[in-house]
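Asker:
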Amino acid sequence: MALPADIESGGKNHFICKCMDVTRYEAQASIDEGYDQVESLKRYSSMGMGPCQGKACHEAVARLAAQDTGLSS
729 MALPADIESG GKNHFICKCM DVTRYEAQAS IDEGYDQVES LKRYSSMGMG
779 PCQGKACHEA VARLAAQDTG LSS
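Numbering-wise, the numbering used here comes out as the position in the sequence shown, counting from 1, plus 728.
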């Protein structure tokens, strides 16, 4: 599955998790370091732990990890 259009076109400085100020670049760097599952990304970067509890970013985070690992989201 592709990333949502706003994230795909937003570039590396686009915020994936606005609550915790995590950019696409930071999320990708975390995945590259081996945190390639949603739960490990959440624990490592705090994505999805803000006021929305992942309602706004969970899908994008899952798709980014799936894209990178080749696994389904």
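We put the CB at the ideal spot given by N, CA and C, even for glycine.
What does residue 751 pair with, by DSSP beta-bridge criteria?
Answerer: Here the question's residue 751 lines up with position 23 in the sequence shown. Answer by DSSP bridge pairing, in chain order: 743.
Asker: If you follow the alpha helix (DSSP H) that residue 763 is part of, which residue opens it and which one closes it?
Answerer: Counted from its first residue, the sequence shown places residue 763 at position 35. Premise fails: residue 763 is in no alpha helix (DSSP H) and is neither H nor E.
Asker: Closest to residue 745 by CA distance: which of 765, 791, 775 is it?
Answerer: Within the sequence shown, residue 745 is the residue found at index 17, counting from 1. Here the closest residue by C-alpha is 775.
Asker: Hey, would you say residue 782 sits closer than 7 Å to residue 748, going by beta carbons?
Answerer: Counted from its first residue, the sequence shown places residue 782 at position 54. Counted from its first residue, the sequence shown places residue 748 at position 20. Cβ atoms of residue 782 and residue 748: not closer than 7 Å.
Asker: Starting from residue 795, trace the alpha helix (DSSP H) in both directions and tell me its first and last residue.
Answerer: Taking the sequence shown and counting its residues from 1, one reaches residue 795 at position 67. Looking at the DSSP string, the run of the alpha helix (DSSP H) that includes residue 795 is 786-797.
Asker: In angstroms with no decimal places, state the Cα-to-Cα distance between residue 758 and residue 773.
Answerer: Position 30 of the sequence shown, counting from 1, holds the residue named residue 758. Position 45 of the sequence shown, counting from 1, holds the residue named residue 773. When rounded, the distance between both Cα atoms is 8 Å.
Asker: Around the C-beta of residue 771, are 16 or more other C-beta atoms found within 10 angstroms, so that it is buried, or is it exposed?
Answerer: For the purposes of this step, residue 771 is identified with residue 43 of the sequence shown, where counting begins at 1. Exposed, by the Cβ-count rule.
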